[in-house]
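**Student:** Sending over a structure as structure tokens; questions will come in a sec.
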Amino acid sequence: MGACIVRNDNDKLLPSWRDEILRQFPQKRTLDLHFRDLKHDQRVQTCLMLAQKPIGACVVASNKITLLTHPKREIFKQKQHLYNYLTRFLLERLTHACKRKSEIEDDGSASLKVVFSRRRGTDYHAMREYLEFLRDGREVMTPVRTINWDVLSPSDIAVENHSKRAGLQIADVFTSALWHAIEPNRYGFCESRYARSLAVRLIKTNGQRLNYGLTLVPPFGKSPLNDEQKEFIEWIRLLKEKRGPPDS
Numbered sequence: 030m031g032a033c034i035v036r037n038d039n040d041k042l043l044p045s046w047r048d049e050i051l052r053q054f055p056q057k058r059t060l061d062l063h064f065r066d067l068k069h070d071q072r073v074q075t076c077l078m079l080a081q082k083p084i085g086a087c088v089v090a091s092n093k094i095t096l097l098t099h100p101k102r103e104i105f106k107q108k109q110h111l112y113n114y115l116t117r118f119l120l121e122r123l124t125h126a127c128k129r130k131s132e133i134e135d136d137g138s139a140s141l142k143v144v145f146s147r148r149r150g151t152d153y154h155a156m157r158e159y160l161e162f163l164r165d166g167r168e169v170m171t172p173v174r175t176i177n178w179d180v181l182s183p184s185d186i187a188v189e190n191h192s193k194r195a196g197l198q199i200a201d202v203f204t205s206a207l208w209h210a211i212e213p214n215r216y217g218f219c220e221s222r223y224a225r226s227l228a229v230r231l232i233k234t235n236g237q238r239l240n241y242g243l244t245l246v247p248p249f250g251k252s253p254l255n256d257e258q259k260e261f262i263e264w265i266r267l268l269k270e271k272r273g274p275p276d277s
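Pasting the structure below:
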């Protein structure tokens, strides 16, 4: 699961950024950008172009194999529970980044509007109720991290079709690029070139992108990873370039 985040004044530029990419592929017949429909060289070009844009990205990756032995595995089997759980991880990081950026660059006031890509079988009304449950502090155990409710209201959540909103298409690029870097293909290999091109756009805190711009569930060190996956995650952990989104 992933998201891209932009300032309000850049939101209106997202369609032009998407169209700028599509103009690189004149033979492409559709007017929307979908990573899975691109060839390898088109994916590389797309990622290189987006890496130059003022966009932040945040991705949460769950290793579902570990859920088979998780103490709460029966809960995760419930409809939409895992999706809501990962959404929470994502929003905790996005709201924190949004607030910190406003404190660094503006007067500290910030608000976040979230637009989800419509998924078959997902109950977005139930998701809003889950977020309201979190906001009202009705959890039995106090969480380590929380969503910043000064930045986000559950009512500020919208749902749109992927083909209708450029921001959703750009978020798909970031999410898919990271997915290819950590999910082995049918031959057992990962393709990290896309993600390495975009890594500087991952949001970071104190210079660190791991567990912020890219979060593994379970965390790195507890996830069963092969050598190729470990090398990529370690590369993300050590990535210290200063260009990209400011520290949050």
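For the sequence shown, this note's numbering begins at 30 and goes up steadily by one.
Each residue gets a CB set at the ideal place from its N, CA and C atoms; glycine is no exception.
Keep in mind that this is a model prediction, so the values were computed, not measured.
(1) What whole-angstrom Cβ distance do residue 199 and residue 79 have, given they're in contact under 8 angstroms?
(2) CA-CA distance, residue 63 and residue 30?
(3) Taking the C-alpha atoms as reference points, what is the distance between residue 189 and residue 177?
(4) Residue 239 to residue 201, Cα distance in whole Å?
(5) Alpha carbons only, please: which of 213, 246 and 266 is nearest the one belonging to residue 235?
(6) Could you tell me the distance, in whole angstroms, from the CA atom of residue 187 to the CA atom of residue 54?
(7) Could you tell me which residues DSSP pairs with residue 280 in its beta bridges?
(8) Could you tell me the distance, in whole angstroms, from the CA atom of residue 128 to the CA atom of residue 134?
(9) Check residue 234 in the structure and name its three-state DSSP category.
(10) Taking only runs of the alpha helix (DSSP H) that begin and end inside the region 183-218, which ones reach a length of at least 4 residues, in chain order?
(11) If we ignore side chains and look at the alpha-carbon of each, how far apart do residue 57 and residue 130 end up?
(12) Is it right to say residue 3 is buried, meaning 16 or more other beta carbons lie within 10 angstroms of its own, or is it exposed?
(13) Does the distance from the CB of residue 250 to the CB of residue 33 come in under 9 angstroms?
(14) Give me the Cα-Cα distance between residue 179 and residue 40, rounded to the nearest whole angstrom.
(15) For residue 38, collect the residues of the same chain with a Cβ closer than 6 angstroms to its Cβ; drop the 5 residues on either side in sequence, then sort them by chain order.
(16) Do you know whose CA, among 67, 42 and 83, lies nearest residue 227's CA?
(17) DSSP beta-bridge partners for residue 32?
(18) Assuming residue 175 and residue 121 make a contact with CB atoms under 8 angstroms, what is their CB distance in whole Å?
**Tutor:** Concretely, from the data shown:
(1) 7 angstroms
(2) 15 angstroms
(3) 24 angstroms
(4) 19 angstroms
(5) 266
(6) 30 angstroms
(7) Outside the modelled stretch of the chain, which goes from 30 to 277, sits residue 280, for which no answer is possible.
(8) 10 angstroms
(9) strand
(10) 195-211
(11) 37 angstroms
(12) Missing from the structure shown is residue 3; the chain here goes from 30 to 277 and no further.
(13) no
(14) 21 angstroms
(15) none
(16) 83
(17) 87
(18) 7 angstroms
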